[in-house]
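Novice: Pasting in a structure now, in structure tokens, and then I'll have a few things to ask.
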Amino acid sequence: MSAPAIATPSAEQLLALERQAGEQGTGLDAQALQGCWQLELVWPKGGRRPSAFSGWLLRGLSARLEISTDAEGLALSNAVNLGPFELRFRGVGQLLGRRPLLQFSFQQLQVSLGGRLFIQRELPAPAPKRMPFFALIARDPSGWLAARGRGGGLAVWTLAEPG
């Protein structure tokens with residue numbers, strides 16, 4: 006039995022929440038971000054509608070962002086799967102500012118097949134002024150998270166059920 010679908014916000018609702026986050030902040034902390042977030046919707050920079058093809062493709066690849074905390078701060082993992090093949094980036098992140106920004110850096114690339122790690126490579130650190138980030142917009146108690154990326158695109162994730 007699958008869980009009911011989580012209702013995600015419209016573009017207009019997201020833009021209103023984004024304005025509010027810019028003016029007042031979100032109040033989000035590391036604990037609110039923890040979990041496995043399945044990518045649901047993506048809007049291109051300046052787009053008023055989500056990209057149907059990109060969303061479909063990324064959902065089909067089980068695109069997800071996993072966030073946890075450890076002794077050093079936030080641990081992030083971004084992964085996609087195609088059958089038994091998995092491509093995963095691992096790194097660290099930090100929350101900056103009142104909004105806040107989730108700034109991150111992937112330090113490692115991993116390629117697995119059938120759960121067996123075949124390739125693991127260290128990645129160079131980006132220049133400090135080129136660090137990727139998500140400008141957090143909102144995290145709803147129903148289980149969705151919205152943010153705008155460094156490149157201007159907008160994304161909505163839904164929290165995956167544990168287990």
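Heads up: the sequence shown begins at 6 in the working numbering, then just goes up one per residue.
Built from N, CA and C at the ideal position, the CB exists for glycine as well.
Please read these numbers as outputs of a predicted model, since none were measured by experiment.
#1: Quick one: give me the first and last residue of the alpha helix (DSSP H) that residue 113 is part of.
#2: So, using beta-carbon positions, are residue 96 and residue 115 closer together than 8 Å?
#3: What do you reckon, is the C-beta of residue 123 under 7 Å from a heavy atom of the ligand GTP?
#4: In terms of residues, what are the limits of the alpha helix (DSSP H) holding residue 135?
#5: Please go through the stretch 8-87 and give each complete beta strand (DSSP E) segment of 3 or more residues, from N-terminal end onward.
#6: Under the assumption that residue 66 contacts residue 46 (Cβ atoms under 8 Å), give the Cβ distance between them as a whole number of angstroms.
#7: With residue 102 and residue 81 assumed to form a contact (beta carbons below 8 Å), what rounded beta-carbon distance in angstroms separates them?
#8: Out of 153, 10, 53, 160, which has the shortest C-alpha to C-alpha gap to residue 104?
Specialist: So, from the data block:
#1: Walking along the sequence shown from the start, residue 113 turns up at place 108. Membership of residue 113 in any alpha helix (DSSP H) is not indicated; the residue belongs instead to the beta strand (DSSP E) covering 106-118.
#2: To locate residue 96, count along the sequence shown from 1; it is residue 91. To locate residue 115, count along the sequence shown from 1; it is residue 110. In this structure, residue 115 does not lie closer than 8 Å to residue 96 by Cβ.
#3: Of the ligands one can find in the structure shown there are none, so the ligand GTP has no counterpart to examine.
#4: On the sequence shown, position 130 is the one that residue 135 refers to. Segment: none, residue 135 is in no alpha helix (DSSP H) and carries neither H nor E.
#5: Within the stretch 8-87, the complete beta strand (DSSP E) runs of at least 3 residues are 40-48, 69-75, 78-87.
#6: Taking the sequence shown and counting its residues from 1, one reaches residue 66 at position 61. Taking the sequence shown and counting its residues from 1, one reaches residue 46 at position 41. Wrong, their Cβ atoms sit about 15 Å apart, outside the cutoff.
#7: Here residue 102 corresponds to residue number 97 of the sequence shown, with the count starting at 1. Here residue 81 corresponds to residue number 76 of the sequence shown, with the count starting at 1. Rounded to the nearest angstrom, the Cβ distance from residue 102 to residue 81 is 18 Å, too far for a contact under 8 Å.
#8: Reading the sequence shown from its first residue, position 99 is the one you call residue 104. For the residues 153, 10, 53, 160, the minimum Cα distance to residue 104 belongs to 153.
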